[in-house]
Amino acid sequence: MEHSLGFWGAKDKLPERHILEIHTMCGHGMVSFNFIRKMIEQVKLGRLTPKKAAKILAKCCECGAFNPKRAELLLERFRKGLT
C-alpha cells in the first residue's frame with residue numbers, strides 16, 4: 001500500500017529506478033534491494049538465467065503479488081544493458 005501513494009521522504013536514498021521496478025512488485029517490500037542487484041549481476045555473468053533468477057526473487061515475496069514472468073522480462077532487459 002505504501003507504494004501506491006508515491007514515494008515520500010528522502011528520495012535521494014532510494015536505489016536506481018530499475019531496482020525499484022522489481023522491488024515494488026512485492027506489496028510488502030520483502031525483496032531486498034541488494035538481493036535484486038545480486039540477481040541482476042548473476043544474470044549478466046551468465047550464472048543464472050533470467051527465469052531462474054526471477055523464481056528465486058519470487059520466493060522472497062510472502063504475499064504472492066510478485067510477478068515472476070514480468071521479473072524475467074525485466075532481468076532479460078537488464079542483461080542486454082537496457083534499463
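In terms of my numbering, the sequence shown has 62 at position 62, counting the first letter as 1, and numbering is strictly consecutive. Using N, Cα and C, we set each Cβ at its ideal position, and we do this for glycine too. Values in this document were obtained by computation on a predicted structure and should not be read as measured data.
For residue j and residue i, the rounded distance between their alpha carbons
i: residue 33; j: residue 60; result: 12 Å
i: residue 40; j: residue 26; result: 17 Å
i: residue 80; j: residue 37; result: 15 Å
i: residue 18; j: residue 43; result: 14 Å
i: residue 73; j: residue 53; result: 11 Å
i: residue 47; j: residue 30; result: 24 Å
i: residue 56; j: residue 9; result: 30 Å
i: residue 24; j: residue 11; result: 15 Å
Neighbourhood of residue i by C-beta distance below 7 Å, restricted to the same chain and skipping five residues each side
i: residue 28; result: 62 and 63
Expected contact under 8 Å - CB spacing of residue i and residue j to nearest Å
i: residue 58; j: residue 68; result: 4 Å
i: residue 71; j: residue 22; result: 6 Å
Cβ neighbours of residue i in the same chain (closer than 8 Å, five flanking residues each side left out)
i: residue 1; result: The pLDDT assigned to residue 1 is 46, lower than 50, so where the model puts this residue is not dependable; a value taken from the coordinates is nonetheless given after this. Within the same chain, residue 1 has close Cβ partners 27.
Limits of the unbroken alpha helix (DSSP H) element including residue i
i: residue 75; result: 68-79
i: residue 50; result: 50-58
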